[in-house]
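Here is the structure we will look at, set down as structure tokens.
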Amino acid sequence: MSLPSMEHLPPDGAIEESARPTWPRLAGPERPAPAADPVADAVADAVADADAARHVRGRPLGELLLLMQSTRAAMREAAWAECYRRYHEVVWTRVFYVIRSISWLPEPREVAADVASDVFVGLPDAARHYREQGRAEWWLKQVAVRTALRRKAALTGRWASDAAGRRSVSLDDAADEVVQELDAVEPEELMELERRLELLRASPEPTKRRWAEFIALYVDGCSFQEIGARLGLSDGTVRNWLCQIRKFLAQPLTAE
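Here numbering that gives the first Met the number 0 is used: the first residue of the sequence shown is 0, the next is one more, and so on.
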């Protein structure tokens, strides 16, 4: 009997490490998941947030609206926060102008703040329909005014003050008109007027408290005849009050 040939065996010492058997790696659900590291995750989130905040700072509003549609959550949130920081007062002023025209509303500021919050909560969804390239601020003002007009309609059953004469005017056209009116007035002037109205409403003099109603109706676009009819005043009294109110508004603001 002959011995088997050794020609095909490797020489001594030539057996490599890779020739040793290896254990198969676990796959699928049987493989244990790596342990979570909440600290590392928090640090990574903070870095992403800081990077996004730096990226959006000072960007034009149109770019912020586009960044709200980013695939990165941190970028979407940073763009929204930057928009809120820079444009909340603009939105609130436009909303308040509409809401304050509801004469029986006791706290228009609170309602205006609520509506302004609705504007910003819905802004990421609204931004998907933003197409006004180069007119981002105008677009945002329109969104604010339309939201306020809808709230006014929900509270009063109509969005215009003189609904009988404006039934054919669309909500969008009305929003354009309000935005144009407010753009012609500085926000500081509107706030100054509101401070003076607060003084009149709190005045111990009944006539001055009625002046506040007069101004609200006048600013809302009512004619002298409409103001007289609502307040029970004659034509002459309406014009006389208008002169007195103009003198009052021209005086330096002092608390009574």
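Glycine residues also receive a C-beta, built at the ideal position from the N, C-alpha and C atoms.
If you check the CB distance, Val97 and Ala147 come in under 7 Å. Secondary structure of His128 (DSSP, three-state): coil. DSSP places Gln250 outside both helix and strand once states are collapsed to three, so it counts as coil. For Met74, the uninterrupted alpha helix (DSSP H) segment begins and ends at 72-98. Counting C-beta pairs with one atom in each stretch, the segment 79-89 and the segment 114-127 have three or more that are closer than 8 Å, which means they touch. With 16 or more neighbouring CB atoms inside 10 Å of its own CB, Lys151 falls in the buried class. Rounded to the nearest angstrom, the gap between the Cα atoms of Ser69 and Arg56 is 16 Å. By alpha-carbon distance to Trp240, the top candidate from Arg229, Glu225, Ile214, Ala249 is Ile214. Taking the CA atoms as reference points, Pro105 sits about 22 Å from Arg145.
Between the alpha carbons of Ser100 and Leu216 lies a gap of roughly 7 Å. Per DSSP, Glu109 is one residue of the alpha helix (DSSP H) stretching across 107-120.
The three-state secondary structure of Gln243, taken from DSSP, is helix. Taking C-alpha positions only, Pro205 is separated from Glu88 by approximately 32 Å.
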